[in-house]
Amino acid sequence: MTGIRINQHDMEIKEYNGQRVITFKDVDMVHERPEGTANKRFYDNKKHFIEGEDFYKLSHFDSLISEKRVLKIPHRGLIVLTESGYLMLVKSFTDNLAWEVQRQLVKSYFRVKEIETKPKGRLVVDIPENAEAQLAITDMKACLSAIDVSLNLINRYQSEETYKHIRYTLEHMTLELRRKTMDLIEVQPKLVQK
Numbered sequence: 001m002t003g004i005r006i007n008q009h010d011m012e013i014k015e016y017n018g019q020r021v022i023t024f025k026d027v028d029m030v031h032e033r034p035e036g037t038a039n040k041r042f043y044d045n046k047k048h049f050i051e052g053e054d055f056y057k058l059s060h061f062d063s064l065i066s067e068k069r070v071l072k073i074p075h076r077g078l079i080v081l082t083e084s085g086y087l088m089l090v091k092s093f094t095d096n097l098a099w100e101v102q103r104q105l106v107k108s109y110f111r112v113k114e115i116e117t118k119p120k121g122r123l124v125v126d127i128p129e130n131a132e133a134q135l136a137i138t139d140m141k142a143c144l145s146a147i148d149v150s151l152n153l154i155n156r157y158q159s160e161e162t163y164k165h166i167r168y169t170l171e172h173m174t175l176e177l178r179r180k181t182m183d184l185i186e187v188q189p190k191l192v193q194k
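What the sequence shown shows, in the UniProt record's numbering, is residues 1 to 194, in sequence order.
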């Protein structure tokens, strides 16, 4: 199993919407509570939880991702807690074990991804070594500007002949834009962290 060990229990890492989440079953397991405890505490205090911030209610059409696979969600749906939802839920767990498990989960589960993925700078393409990519981007911008001007001219409609001429030009520019887009896609720029 891929995951993390919390309080001597193996827990699979789960993500939804790009953030780590935890199920009621996971909470009960790592806190060594009877099955259903976290679920009951959640529903007892549901009025304090904000959907989309503290928890997500997933349907069986949603994707809950673990490190190695996409987890199936039951047809009845599944509620998963974010870090803030987890911390709100376990406020009522006041024994010594609860404090230790909370610390482990926050440091080793919820915040670890944040630390791993936070770059020291940002990745950029706009450097001299990427002359080919920069030229392709400049060409596309010029083509897009020409298309924008043509669309403004069409919008002003002056005569049938002018309209046909601009439409022909626009068709040509659209094909040119597609070619330039393909050129840009084929370029493999060097990414540099700044």
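Think of the CB as a built atom: it goes at the ideal place given N, C-alpha and C, for glycine as much as any other residue. Source: prediction; values computed, not measured.
Secondary structure at PHE61: coil, using DSSP grouped into helix, strand and coil.
Counting every other CB atom within 10 Å of its CB across the protein chains shown gives MET182 a total below 16, marking it as exposed. A contact between stretches requires three or more CB pairs, one per stretch, nearer than 8 Å, and the segment 140 to 150 fails this requirement with the segment 89 to 98.
A contact between stretches requires three or more CB pairs, one per stretch, nearer than 8 Å, and the segment 70 to 89 meets this requirement with the segment 36 to 53. Under the DSSP assignment, ARG178 falls in the alpha helix (DSSP H) whose first and last residues are 160 to 186. The shortest CA-to-CA distance from GLN102 to any of VAL30, LYS14, GLY18 is the one to VAL30. If you look at GLU15, you'll find it in the beta strand (DSSP E) that goes 14 to 16. Per DSSP, the beta-bridge partners of GLU51 are PHE55. Straight through space, the alpha carbons of ILE22 and GLN8 are spaced by roughly 17 Å. As a beta-bridge residue in DSSP terms, MET11 pairs with ILE4. When secondary structure is reduced to three states using DSSP, THR23 falls in the strand class. At a cut-off of 4 residues, the continuous stretches assigned as alpha helix (DSSP H) that sit fully inside the segment 77 to 131 are 83 to 89, 96 to 105, 112 to 117.
Scanning GLY85, ILE73, SER159 for the CA closest to the CA of GLU51 turns up GLY85. Of the candidates ARG5, LYS164, TYR43, the residue whose Cα lies closest to the Cα of SER150 is LYS164. Non-local beta-carbon contacts of PHE93 in its own chain, meaning distances under 7 Å to residues more than five positions away in sequence, involve HIS31 in chain order.
When rounded, the separation of the alpha-carbon atoms in LEU153 and THR162 is 9 Å. Under the three-state reduction of DSSP, LEU71 is assigned to strand.
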